[in-house]
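Reviewing the structure listed below.
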Amino acid sequence: MEERKRIHNRSCTLKQRKRLYRQEIVCENTDARFTTTKIKQLLRERNIEFSAINRSQSKLNKRTLYIGIKNINHMPRYEILTKYLFSTANYNRYSSDRHHRSNSRY
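Right, here's the structure in full:
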């Protein structure tokens, strides 16, 4: 019985993952310092409706970000918005902006 339950769970998980990433945007060469929380925050700030995100790293240290998109009609706009959003240059700009904002409080 336990084996059957595990097989069923695996197949349901694969189906769910397939559904979440049906329409996806792939961002290559992303900066490693972007955490999952920061990625989601940046996507929400730009009103990008996503279903899931997944970060991966190859053996050659190539980092790729997969973003599952909820609405396929907005896909071209989302691709333009996210093209350089997770680059190293953008991370440096993002972190320096946050640093200036936190220092301006005092």
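2 is the number of the first residue of the sequence shown in our numbering; add one for each residue after it.
Backbone N, C-alpha and C fix where the C-beta goes; we use that ideal spot for every residue, glycine too.
Identify, in the order they occur along the chain, each residue of the same chain with its Cβ nearer than 8 Å to the Cβ of residue i, setting aside the five sequence neighbours on each side.
| i | result |
| --- | --- |
| L86 | C28, L43, R47 |
So, residue i versus residue j, is the Cβ gap smaller than 8 Å?
| i | j | result |
| --- | --- | --- |
| T31 | L66 | yes |
| E25 | I68 | yes |
| R64 | A33 | yes |
Specify the secondary structure class of residue i as computed by DSSP and reduced to three states.
| i | result |
| --- | --- |
| N55 | strand |
| K84 | coil |
Quick one: using the 10 Å Cβ neighbour count with 16 as the cut-off for buried, is residue i buried or exposed?
| i | result |
| --- | --- |
| T38 | exposed |
| I8 | exposed |
| T134 | Examination of residue 134 is not possible in this model, given that the chain is present from 2 through 107 alone. |
| I81 | exposed |
- Task: Mind listing, in chain order, the continuous beta strand (DSSP E) runs of no fewer than 3 residues lying wholly within the region 16 to 72?
- Result: 25 to 29, 51 to 58, 64 to 70
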